[in-house]
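K.L.:
Structure provided below as structure tokens; questions to follow.
Number of protein chains: 2
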Amino acid sequence: MSSYCLATYRSFDEKADYHKKATGIAVGLTVGSWTDLPEAQKASMEKHLGKVVAVEVHEPAPGEPASSRYADITIAYPDVNFSRDIPALLVTVFGKLSMDGKIKLIDLAFSADFLAGFPGPKFGMQGVRDLLGVYDRPLLMSIFKSVVGYELPALREQFYLQAAGGVDLIKDDEILFENPLTPIEKRIAICLEAAEQAKKETHQKLLYATNLTGPTSKLASQAKKAVAEGANALLFNVLSYGFDVLHELSADPEINIPIMAHPAMAGAMYPSPHYGISASVLLGKLMRLAGADLVLFPSPYGSVVMPKEENLAIKHVLLTQDLHKDYTYQVPADVKLKLATSFPVPSAGIHPGLVPLILRDFGHDVIVNAGGGVHGHPMGTIAGGRAFRQAIDATLQGHLLREYAQTHPELQSAIDTWGIKE
Amino acid sequence: MSSYCLATYRSFDEKADYHKKATGIAVGLTVGSWTDLPEAQKASMEKHLGKVVAVEVHEPAPGEPASSRYADITIAYPDVNFSRDIPALLVTVFGKLSMDGKIKLIDLAFSADFLAGFPGPKFGMQGVRDLLGVYDRPLLMSIFKSVVGYELPALREQFYLQAAGGVDLIKDDEILFENPLTPIEKRIAICLEAAEQAKKETHQKLLYATNLTGPTSKLASQAKKAVAEGANALLFNVLSYGFDVLHELSADPEINIPIMAHPAMAGAMYPSPHYGISASVLLGKLMRLAGADLVLFPSPYGSVVMPKEENLAIKHVLLTQDLHKDYTYQVPADVKLKLATSFPVPSAGIHPGLVPLILRDFGHDVIVNAGGGVHGHPMGTIAGGRAFRQAIDATLQGHLLREYAQTHPELQSAIDTWGIKE
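Chains A and B, in that order, give the protein sequences.
Take any residue in the first sequence, note its place counting from 1, add 868, and you have its number in the numbering used here.
Take any residue in the second sequence, note its place counting from 1, add 868, and you have its number in the numbering used here.
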């Protein structure tokens, strides 16, 4: 029995016969031609033939322009046609097709057979909580403010101030590459030292995600070097290297620390309504499939904006959705279908006054992630971290920030600076 | 003295102060903050600071909507900030920025220092001509028609028919992955055998680009296995793996055969006017920088359409443009700045009646590439190849296709089928 992976496209065309178009895709991206095949050959080719699963045409409502006509088309691609890796899947379902007019890849679903090639996140949301020993609240992460051109002592100082404020995770800036001022092994050493110092005051654990960079073929050894130096997390610019690189790093048993996926370059692909790949696929399904333990994406609140529905779709995919959907296939009972979940990290423009909103939108299994909202606090970076922790505590305990701030000066100062958005 | 790579963006905003925006990019994507730095620190940070090179604001003409207001902004990024690899460059210049509203990366220029890390195409246009011994005409390439689900004898037959028609290059379908029916080593063996058979009749050489697929970490060894099996060219889905993977494969001295870059997935990034990366950067500059010897891209003629200006911009970048531009930097005399050129292969929807147009648009240093235009010929695949060669000969000799066809039945039949576009 054949099994299939599913791809759903949104195709914009004022006049297309979408059912014909769907058949064209199903045939063209698999066996190439069908109706002119001899009958005898059809029997042997049938298992390689793509199938049209659904065609939902959306005609423009009265008053809407003809250009708003679109259809959502779902095609089933036989697993037998491609190898068990993301490049093969993407080239099959959206290689040539990506260049064929106004068409966007809006969803993917994976067969049990395909999923079996992907161990998924090694730690995931639960594993990250286990490492930190924090289960009862959203986590707090902060980002270095400025790092390019800075020397180790300045980096250490920044790290310490963030850690002392009570954050759970600190990540490198994604534009910090290997450089003579702060090479990875020295960065890890001084940051972990600063973390130890802060721990004496905060009594809490901390993960530092150091940026994994360099030539593709050296990334695995670079990651292992980081592990050997004591690194407890990695930051990785997945889209500039490719999903398969993340998949291989994540599946490597020697790289036994969480990997945090950065969305750098994602904006080249998800924002257009007509082209590219939807955010929930690009930063959701494919990141989790490839094994990202934590995934950063633009929040709907701040300076780098993504619509809230797209944000919640990413969260849904990372945290709860079963990535698996079978089409005409009976899943054997012993096949593991559930990948570990990935921790969602909505980012950019976050300040303490947004915490109630973030928790309302994302629930407790979210990482509140701030840069300027920590470093830009009028009372300093330590106070910046504390203000966030206070905002989280207040929200979890059901207090209004405004009230809680009356006895928490750091939070009060943050609110005075950035306001509250409820 | 610092050297810089340049990035040019097209930013759409109805109201932005674009000069302020440019400064924000130059500072934000390099040192992070500038005006609030102590003067003493500015001295040491100056060499890490991005510079605004140009801001060209295009106000809407009378009658144009406010949404058409845009600016082209060029920023110089100090090389000292990033390592000598494409992921580091792209994450720096278009990582976070890609997600910051309507903004498209429309150009890149590389410093001598950065370019020094890239040997460029190993063969390039000239090297491919040398391998084939053909200097006096455009080359002809054809693509397998249907391959998924086919067995070796069927593949061999298709290959032979294409080769016998006089094509210079044959490429695998990009959706042919490792599979039990036609594994790479067997594919190479039977295709080269078919090429030998055809050569007895055509007396010409032929390159067969076999599709390099599989896990990223195994690609180099897979390529070397292909070389050992006698492969004389590789096809590679660059964008599904990342430019750095192409760069490493191309720079590997043991992979001593041309690499043909396929544009699969490119449509997720170049077609939107507001988002993504322009085709001339994505399929032009970055492909050549990463070492592609031949580059396929959608032609402006056929079924998969790209505007002609974009096509000619890709051609210009691949064939003639110096990718180097220095900003405040004196290039040492011994630095090699010229990378080999990459052979342009405009593809999709090509039939013999388009050859005069292709040669007029692209000149002689182009590869005429056809799939359906070869296989769909009414007199068969061999005649399909011949019709193309006749169209090329006619055009080079200054004949009208219509006249030349009177004594060349294959061309006549092609014209009867697909017409002539002049």
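All residues carry an ideal CB built from backbone N, CA and C; glycine is no exception.
Would you say the stretch 876-896 of chain A touches the stretch 918-925 of chain A, given that touching needs at least three Cβ pairs under 8 Å?
P.N.:
Contact holds: three or more Cβ-Cβ distances are below 8 Å.
K.L.:
Give me, in chain order, the residues of the same chain whose beta-carbon lies closer than 6 Å to that of B/Val1106; leave out the 5 immediate sequence neighbours on both sides.
P.N.:
So the list reads Leu1114 and Ala1129, once near-sequence residues are dropped.
K.L.:
Fully enclosed by the stretch 1073-1129 of chain B, which beta strand (DSSP E) runs are 3 residues long or longer?
P.N.:
List check, beta strand (DSSP E) in window: 1075-1080, 1101-1104 and 1127-1129.
K.L.:
Under a CB-based cut-off of 7 Å, is A/Thr898 close to chain B?
P.N.:
It does: the Cβ of A/Thr898 has a partner Cβ on chain B nearer than 7 Å.
K.L.:
Quick one: give me the first and last residue of the beta strand (DSSP E) that B/Ser879 is part of.
P.N.:
Looking at the DSSP string, the run of the beta strand (DSSP E) that includes B/Ser879 is Tyr872 to Phe880.
K.L.:
Compute the beta-carbon to beta-carbon distance between B/Gly892 and A/Ala1132, rounded to the nearest angstrom, for a pair I have assumed lies under 8 Å.
P.N.:
Not confirmed; about 18 Å, so no contact.
K.L.:
Using a beta-carbon distance cut-off of less than 8 Å, what residues from the stretch 1080-1100 of chain A approach chain B?
P.N.:
So the close ones are Thr1081, Gly1082, Pro1083, Thr1084, Ser1085 and Ala1088.
K.L.:
Cβ atoms of B/Leu1264 and B/Ile1288: under 7 Å apart, would you say?
P.N.:
Not a contact, by the Cβ cut-off of 7 Å.
K.L.:
Here's a check: name, in chain order, each residue in its chain whose Cβ is nearer than 8 Å to the Cβ of B/Val1095, leaving out the five neighbours to either side.
P.N.:
So the list reads Glu1122, Ile1123, Asn1124 and Ile1125, once near-sequence residues are dropped.
K.L.:
Would you tell me roughly how many angstroms separate the C-alpha atoms of B/Arg1005 and A/Ser879, rounded to the nearest one?
P.N.:
The alpha-carbon atoms of B/Arg1005 and A/Ser879 are separated by roughly 40 Å.
K.L.:
What first and last residue would you give for the beta strand (DSSP E) that runs through A/Asp975?
P.N.:
Here the beta strand (DSSP E) through A/Asp975 covers Ile971 to Ala977.
K.L.:
So is A/Val1149 in contact with chain B if we call contact Cβ pairs under 7 Å?
P.N.:
Chain B, which has no Cβ nearer than 7 Å to the Cβ of A/Val1149, makes this no.
K.L.:
Tell me B/Ser1148's beta-bridge partners as DSSP assigns them.
P.N.:
Beta-bridge pairing links B/Ser1148 to no other residue.
K.L.:
Per DSSP, what kind of secondary structure is B/Ile893 in: helix, strand or coil?
P.N.:
B/Ile893: helix per DSSP, three-state reduction.
K.L.:
Where does A/Glu1025 sit, in a helix, a strand or coil, going by DSSP?
P.N.:
Looking at A/Glu1025 - three-state DSSP - the assignment turns out to be helix.
K.L.:
At 7 Å on the CB atoms, spell out the chain B contacts of A/Asp1112, in chain order.
P.N.:
Neighbours of A/Asp1112 on chain B, chain order: Pro1083, Thr1084 and Tyr1109.
K.L.:
Using a Cβ cut-off of 9 Å, which residues of the stretch 1121-1139 of chain B contact any Cβ in chain A, in chain order?
P.N.:
Answer set for the stretch 1121-1139 of chain B: His1130, Pro1131, Ala1132, Met1133, Ala1134, Gly1135, Ala1136, Met1137, Tyr1138 and Pro1139.
K.L.:
Which two residues bound the contiguous beta strand (DSSP E) that contains B/His1276?
P.N.:
Looking at the DSSP string, B/His1276 is not in any beta strand (DSSP E), and its letter there is neither H nor E.
K.L.:
Just the C-alpha distance for B/Asp1040 and B/Asn1079, rounded to the nearest angstrom, thanks.
P.N.:
Cα-Cα distance, rounded: 6 Å.
K.L.:
For the alpha helix (DSSP H) containing A/Asp981, name the first residue and the last one.
P.N.:
Where A/Asp981 is concerned, the enclosing alpha helix (DSSP H) stretches over Ala980 to Leu983.
K.L.:
Between B/Glu907, B/Ser871, B/Asp953 and B/Glu924, which lies nearest to B/Tyr877 when the distance is taken from Cα to Cα?
P.N.:
Taking only the C-alpha atoms, the option nearest B/Tyr877 is B/Glu924.
K.L.:
Taking C-beta pairs closer than 7 Å, name the residues in chain B that A/Ala956 reaches, listed in chain order.
P.N.:
Phe1045 and Thr1081, listed in chain order.
K.L.:
Distance check for B/His1219 and A/Gly1152, CA to CA, integer angstroms please.
P.N.:
Using only the alpha carbons, I get a separation of about 41 Å.
K.L.:
Starting from the beta carbon of A/Tyr1143, find every residue of chain B whose beta carbon is closer than 9 Å, and list them in chain order.
P.N.:
In chain order: Gly1135, Ala1136, Met1137, Tyr1138, Pro1139, Ser1140, Tyr1143 and Gly1144.
K.L.:
Any beta-carbon of chain B closer than 7 Å to the one on A/Phe986?
P.N.:
Not closer than 7 Å to any Cβ of chain B, the Cβ of A/Phe986 fails to qualify, so no.
K.L.:
Measure from the alpha carbon of A/Ile1127 to the alpha carbon of each residue in A/Val1213, A/Ala922, A/Tyr1138 and A/Pro1224, then state which is nearest.
P.N.:
Nearest of A/Val1213, A/Ala922, A/Tyr1138 and A/Pro1224 to A/Ile1127, Cα basis: A/Val1213.
K.L.:
Which of the three DSSP states is assigned to A/Glu924 in this structure?
P.N.:
Three-state result, A/Glu924: strand.
K.L.:
Just how far apart, CA to CA, sit A/Glu1097 and A/Glu1053?
P.N.:
So the two alpha carbons sit approximately 6 Å from each other.
K.L.:
So if I threshold CB-CB distances at 9 Å, which residues from the stretch 958-975 of chain B count as touching chain A?
P.N.:
Flagged, chain order: Leu958, Val959, Thr960, Phe962, Gly963, Lys964, Leu965, Ser966, Met967, Asp968, Gly969, Lys970, Ile971, Lys972 and Leu973.
K.L.:
I'd like to check one pair, A/Gly1110 with A/Gly1170: are the Cβ atoms closer than 7 Å?
P.N.:
Contact: no.
K.L.:
For the alpha helix (DSSP H) holding A/Leu1044, just list the boundary residues, first then last.
P.N.:
From DSSP, A/Leu1044 is part of no alpha helix (DSSP H); its letter is neither H nor E.
K.L.:
Does DSSP put B/Lys919 in a helix, in a strand, or in coil?
P.N.:
B/Lys919 falls in the strand class under three-state DSSP.
K.L.:
So, A/Leu1008 versus A/Val1035, is the Cβ gap smaller than 7 Å?
P.N.:
Against a cut-off of 7 Å, the Cβ pair of A/Val1035 and A/Leu1008 comes out as a contact.
K.L.:
So which residues of chain B does A/Met1247 contact, with C-beta pairs closer than 9 Å?
P.N.:
Going along chain B, no residue has its Cβ under 9 Å from A/Met1247, so there is no contact; the nearest lies around 17 Å.
K.L.:
If I measure Cβ to Cβ from B/Leu1150 and keep anything under 7 Å in the same chain, skipping five residues before and after, which residues do I get?
P.N.:
The answer, listed in chain order, is Ala1134, Met1137 and Tyr1138.
K.L.:
In whole angstroms, what is the alpha-carbon distance linking B/Gly1241 and A/Leu1186?
P.N.:
Their Cα atoms are separated by approximately 45 Å.
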